[in-house]
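Chains as they are written, first to last, in our numbering: chain A, 209 to 580; chain B, -6 to 185. To start, the structure under review is shown below, and the notes come after it.
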Amino acid sequence: MGSSGDGLPFVRCFARVRSVLKATAVAALPLLLALPAAAQQLEWSGFALLRATSGVDSGPLQSDSVSSQVQLGLDWTPSPRYTAHLHLLGRTETDEGTRRGRAGVVEAYVDANFRPFNDRLRLRAGAMFLPGSRENVDALWESPYAISSSALNSWFGEEFRPIGIDATWFHRGFVAGATLFRGNDTLGALPVLRGWTLDDHWILLGERIPVDEDFTSVSAELDGRFGWSARGGWNGSMVSVSAMHFENRNDGLPHGSLYGWGTRWDNLGFELTRGDWTFIAEGGWGPTFLDVFGTRYTSRLDAAYALASRRFKRGRITVRADRFRVEALRQNAWTVAWLWTPPGHLRPGIELASAEGHRRAIIELRYSFSGH
Amino acid sequence: MRHRLLTLILFLALPAIANAATIVATVRDSRGIGVPDAVVYAVPERTASPSRKTAIMDQRNRMFVPHVLPIQTGTSVRFPNSDDIRHQVYSFSPAKPFQLPLYKGTPANPVVFDQAGVVTLGCNIHDRMSAYIVIVDTPHFEKSGADGRVTLNVPSGKYTVRVWYPSMRSEPAPIPMTAGASDRNEVVFTVR
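Encoded structure:
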């Protein structure tokens, strides 16, 4: 595979993604013009965290020994029917032994809601997490269950961010949705070349994550093809189930120095809530391929987790089992997390994880804030 | 002394009790099965003054509780969030469009519902969350249980009995009635 030194194809792919974001901005312009009259509907919320980790250099639990993050969500609602959302993130990270910081945009989209036939239709345009995660259900795609996310959702957070249009239809307890997106043409490189991880490293728009001699980026649009996704589900009072499929429809060919990865994925989710207990099982599988000098190399991926979580008056304990695979390499991980939620803004937490002979302990202090 | 007080209370309450009527409504589908969460309400001939009561629409386990909340016009509704994650409650129903900022706990101000109609609630963060607030211009309303039955105790007089239920496409014909003192009036709504 080529080196990432030649930036030309990437510039081209960024130009395409920029055009999508520009279209989103144009769509939001009428809303922005009404800003002075509706400035009181602008709200902000987020958190800052400091984390100490018994650092692990490699494997699924690899992480920095000390890290910090600030995440901020800005929501502007000129009317209940329309919302514009901006999700910003700043974090420290270690790059080849050097500590540095990085900040940028995680999500940026506008929502429009309609009520046809007494149902609800939501249209969303921009860069977004694909709706439907069972684990990352809090605002800013956070998990209320543990400090790290499962391997499955860590991957989605780090390498998948549809940039396009999503439509979701709600009919009583049933939900159906479809997404048409650009970008994400290197989706699949991370689990194959680096391996699955358990973390919460949400990639920023335009960010390049080095893998092997290349990089991956959700903003990489290499072949001009749209990706798509479809999903459906049912939500009862205690049980909910969901199914989802996506394809980035990349050709798997090199574009300049950067290889595309063609990835298809099927995902199933199940959730049972009874009193203070929550049980979740979610898993997915699919192939990803790239084409090297006319030979197609396909890797079979799968990842699944099951968790049980008990909520208390001032906290939550969660046990999670992860299982993930690239071709014949199957790995497992166990995670136990305790999150304490005293009154006020602070949320201390401890997480212990074990995977493939490595153990990791994380202590985290999180401060939440909001205003409008 | 206590006996005298009880006698006095009974004496004062007797005209009201003697003047009361009962409306027993059954809401059932075309197969005869009771429809739960149906709101039956009796609208009196004379307009009732708006309510100043407060009701609760809770959020637990990413669900609105209750799923259907009937209230009288003028009622204030609080929206406590009993979850350990944040919710962003909204309605874009004509009867009461509003949005509560992303929050945990209980927002400071309740929402006053001063116009009759049905408000569909949602959460901007959690697509699965959905509920209804049914605002009626009468203090005489009740929500059906699993058997589809509702009992309303009303002062004697003329009423129009109406029904609303979550999957309703068009409203069944309202039933006018005169409820006499101590009457037991049975009505049946057969819905599609």
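All residues carry an ideal CB built from backbone N, CA and C; glycine is no exception. Since the structure is predicted, the reported quantities are computational estimates derived from the model, not experimental observations.
query: Extent of the continuous alpha helix (DSSP H) to which A/Leu360 belongs; result: 359 to 367
query: Under 7 Å (Cβ pairs) to chain A, residues found in the region 64 to 95 of chain B; result: Asp77, Ile78, Arg79, Tyr83, Ser84, Phe85, Pro90, Phe91, Gln92, Pro94, Leu95
query: Short Cβ contact (7 Å threshold) for A/Thr387 with A/Asp374; result: yes
query: Cβ-based burial, B/Gly115 [other Cβ within 10 Å; buried from 16]; result: buried
query: B/Lys89 beta carbon near the ligand GDP (any heavy atom closer than 6 Å); result: For the ligand GDP, the structure offers nothing, since it holds no ligand at all.
query: Sufficient close CB pairs (3 or more, under 8 Å) joining the region 47 to 55 of chain B to the region 26 to 38 of chain B; result: no
query: Short-range partners of chain B found in the region 332 to 348 of chain A, where Cβ spacing is below 7 Å; result: Pro339, Val345, Asp346, Ala347
query: Cα-Cα separation between B/Thr131 and B/Arg21, rounded to whole angstroms; result: 23 Å
query: Where the region 150 to 181 of chain B meets chain A: residues whose CB sits under 9 Å from a CB there; result: Pro159, Ser160, Met161, Arg162
query: Where A/Pro399 falls: helix, strand or coil (DSSP); result: helix
query: Straight-line Cα distance separating A/Gly340 from A/Thr285; result: 23 Å
query: For A/Ala569 and A/Thr543, believed in contact at Cβ under 8 Å, the rounded distance; result: Their Cβ separation, rounded to whole angstroms, is 11 Å, which puts A/Thr543 and A/Ala569 out of contact at 8 Å.
query: Residues of the region 353 to 384 of chain A whose Cβ lies closer than 9 Å to any Cβ of chain B, in chain order; result: Thr376, Phe378, Arg380, Gly381, Val383
query: Expected contact under 8 Å - CB spacing of B/Asn12 and B/Ala174 to nearest Å; result: 5 Å
query: CB contact check: A/Arg555 to chain B, cutoff 7 Å; result: no
query: Same chain only: Cβ atoms within 7 Å of A/Asp272, ignoring 5 sequence neighbours per side; result: Thr261, Gly263, Glu301, Thr302
query: CB contact below 7 Å: A/Arg568 versus chain B; result: no
query: Cross-chain neighbours of A/Arg433 in chain B, by beta carbon under 8 Å; result: Those within 8 Å of A/Arg433 in chain B number zero; the least Cβ separation is about 28 Å.
query: Contact set for A/Leu430: own chain, Cβ-Cβ below 6 Å, skip 5 residues either direction; result: Cys221, Asp393, His463, Gly468
query: Buried versus exposed, by CB contacts within 10 Å (16 or more), A/Thr526; result: buried
query: Which of helix, strand or coil DSSP assigns to A/Leu461; result: coil
query: Option in A/Arg457, A/Trp473, A/Gly414 with minimal Cα separation from A/Arg310; result: A/Gly414
query: CB contact below 7 Å: A/Asn458 versus chain B; result: no
query: Chain A within 7 Å of B/Asn12, Cβ atoms only; result: no
query: Presumed contact (8 Å Cβ cut-off) between B/Val180 and B/Ala41, rounded CB distance; result: Rounded, the Cβ-Cβ distance is 20 Å, inconsistent with contact.
query: Neighbour list for B/Asp120 in chain A, Cβ cutoff strictly below 7 Å; result: Pro339, Thr376, Phe378, Val383
query: B/Asn54 at chain A interface by Cβ criterion, 7 Å; result: yes
query: Candidates A/Ala529, A/Ala512, A/Met446, A/Val314: closest to A/Gly477 by CA position; result: A/Ala512
query: For A/Glu251: DSSP bridge partner residues; result: A/Asp283
query: A/Leu509 in three-state terms, based on DSSP; result: strand
query: Exposed unless 16 or more other CB atoms sit within 10 angstroms - verdict on B/Lys151; result: exposed
query: C-beta neighbour in chain B for A/Thr543, strict 7 Å; result: no
query: Proximity to A/Gly281 [Cα-Cα], best of A/Thr549, A/Val449, A/Gly432, A/Met336; result: A/Met336
query: Unbroken stretches of the beta strand (DSSP E), 3 residues or longer, contained in the region 521 to 567 of chain A; result: 523 to 534, 537 to 548, 554 to 563
query: Per-residue burial, B/Tyr125 [other beta carbons within 10 Å of its own, 16 or more giving buried]; result: buried
query: Any C-beta of chain B under 7 Å from that of A/Glu559; result: no
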